[in-house]
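Numbering (the working numbering), first residue to last: 2 to 383.
Just so you know, even glycine gets a beta-carbon here, dropped at the ideal spot from N, CA and C.
Keep in mind it's a predicted model, so treat the numbers as computed, not measured.
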């Protein structure tokens, strides 16, 4: 199955390259025909009046000689893209490319032109060859304009493709975030969750009215966050931690002494931007698959650490651990987490789910951080 997908993708890529090459050939050929017609009608009836084939050989030779060196221009544009950081280097690279390409293009132009005129009746090859020096100088003088136009066109197409890719990525990311919100909402408002939570609140109300009010407040806050219509992709880590705390506080009421929680997040990291809804699926997974299946007490720990280049978010439990049937496939919530990280960071982020030494599961999200940040040194938040 995987081989079939790779073969199909390779065929599609080959078809796109073929269509692109055909499009370049058609565009340059039509350009040659257009200029031939312009010259023919421009000189019609004058002393320079020539048959249409005379001008067509001239212009098509130039167009097709540029077609022959077009792969070099394409490689040059890919090797030296114009960016704010590499503008000077890219300009120097294109200048070097021009020095290599222009003599080759002019030579091909002269060969095609002289061959075409030699095959055209009434045109003498020797007379044309005697003018080759003038043709070469004229070709070199005129080469910068088509070189700039073609390389500019290549860069323009490349920038447009990147723009379209970013738009598609943004669209897919928005869909993934919407699915994550829906999944998170379903997990909170499903009848089983509400039944257990309301039962816990009812039991608590008989002996601790103050705690009951606290639980109702937590439940309302959790549902309000679930129904939040904001479309922010990134939020401060502090918001994610607060949401996870609210969620686990409710679960602690449900499981009573069976669930203990620890939050070890330095204060200096609370303002770091992270993907929204990144922690909640992880803590939910820890409770559902680690704590709930057994009767013994369990611990869920949420921690964050910063290295020189990355932020590590870790959710671990000492519960039942990974089941062989599940492996790393822990449901829609975690699959959406992987998908969103891939779309947001394009492979620069990592998401790992592994077995914890001594029992339990560790879920680790590694997010890249921009250079120049500061090291955390605040006290852990619990």
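Using 8 Å for Cβ pairs, my map puts residue i next to residue j. What's the rounded Cβ distance?
i           : j           : result
residue 215 : residue 270 : Actually they do not touch by this definition, with Cβ atoms about 27 Å apart.
residue 274 : residue 235 : 4 Å
residue 338 : residue 282 : 5 Å
residue 276 : residue 341 : 6 Å
residue 151 : residue 74  : 5 Å
residue 29  : residue 65  : 7 Å
residue 117 : residue 62  : 6 Å
residue 344 : residue 173 : 6 Å
residue 25  : residue 70  : Actually they are not in contact, since the Cβ atoms of residue 25 and residue 70 sit about 12 Å apart, beyond 8 Å.
Where does residue i sit, in a helix, a strand or coil, going by DSSP?
i           : result
residue 329 : At residue 329 the pLDDT is 44, less than 50, meaning the model places this residue with poor confidence and gives no usable figure here.
residue 91  : helix
residue 387 : Only positions 2 to 383 of the chain appear in the structure, and residue 387 is not among them; the question remains open.
residue 352 : strand
residue 366 : strand
residue 280 : coil
residue 307 : strand
residue 298 : coil
residue 273 : coil
residue 145 : helix
residue 317 : strand
residue 116 : helix
residue 20  : helix
residue 174 : helix
residue 109 : helix
residue 163 : helix
residue 256 : helix
residue 209 : coil
residue 215 : helix
residue 86  : coil
residue 157 : helix
residue 47  : coil
residue 361 : coil
Within a Cβ cutoff of 6 Å, which residues of the same chain sit near residue i, ignoring the five residues on either side of it in sequence?
i           : result
residue 239 : 271
residue 140 : 107, 110
residue 36  : 60
residue 394 : This structure does not reach residue 394, given that the chain is present from 2 up to 383, and the question cannot be answered.
residue 326 : With a pLDDT of 47 at residue 326, under the threshold of 50, the modelled position of that residue is not reliable, and no figure is offered here.
residue 365 : 315, 353
residue 233 : 277
Measuring only the C-alpha atoms, how far is residue i from residue j?
i           : j           : result
residue 160 : residue 280 : 35 Å
residue 266 : residue 304 : 5 Å
residue 301 : residue 350 : 23 Å
residue 169 : residue 163 : 10 Å
residue 313 : residue 255 : 29 Å
residue 77  : residue 177 : 37 Å
residue 56  : residue 40  : 7 Å
residue 42  : residue 34  : 12 Å
residue 147 : residue 45  : 26 Å
residue 1   : residue 113 : The structure shown has nothing for residue 1, since the chain only spans 2 to 383.
residue 213 : residue 223 : 15 Å
residue 68  : residue 171 : 36 Å
residue 98  : residue 242 : 54 Å
residue 83  : residue 38  : 36 Å
residue 257 : residue 292 : 12 Å
residue 296 : residue 209 : 25 Å
residue 318 : residue 335 : 16 Å
residue 371 : residue 18  : 36 Å
residue 145 : residue 100 : 10 Å
residue 165 : residue 360 : 46 Å
residue 358 : residue 278 : 27 Å
residue 134 : residue 54  : 23 Å
residue 286 : residue 200 : 22 Å
residue 191 : residue 89  : Caution applies to residue 191, whose pLDDT of 49 falls short of 50 and renders its modelled position unreliable; the model cannot decide the point.
residue 96  : residue 237 : 46 Å
residue 367 : residue 85  : 29 Å
Who does residue i pair with in a DSSP beta bridge?
i           : result
residue 28  : Answer is none; residue 28 lacks a bridge partner.
residue 79  : Answer is none; residue 79 lacks a bridge partner.
residue 288 : Per DSSP, none; premise fails for residue 288.
residue 261 : 300
residue 236 : 275
residue 312 : 307, 368
Cutting at 8 Å between CB atoms, please list the residues of its own chain near residue i, excluding the five before and the five after it.
i           : result
residue 167 : none
residue 120 : none
residue 104 : 141
residue 202 : 213, 216, 217, 220, 254
residue 284 : 245, 248, 249, 301, 303, 316
residue 87  : 81
Excluding five sequence neighbours on each side, which residues of the same chain lie with their C-beta closer than 7 Å to the C-beta of residue i?
i           : result
residue 218 : none
residue 369 : 310, 311, 346, 349, 350
residue 52  : none
residue 220 : 198, 251
residue 32  : 64
residue 205 : 212, 213, 216, 254
Does any heavy atom of the ligand ADP sit closer than 6 Å to the C-beta of residue i?
i          : result
residue 19 : Among the components of this structure there are no ligands whatsoever, and the ligand ADP is therefore not found.
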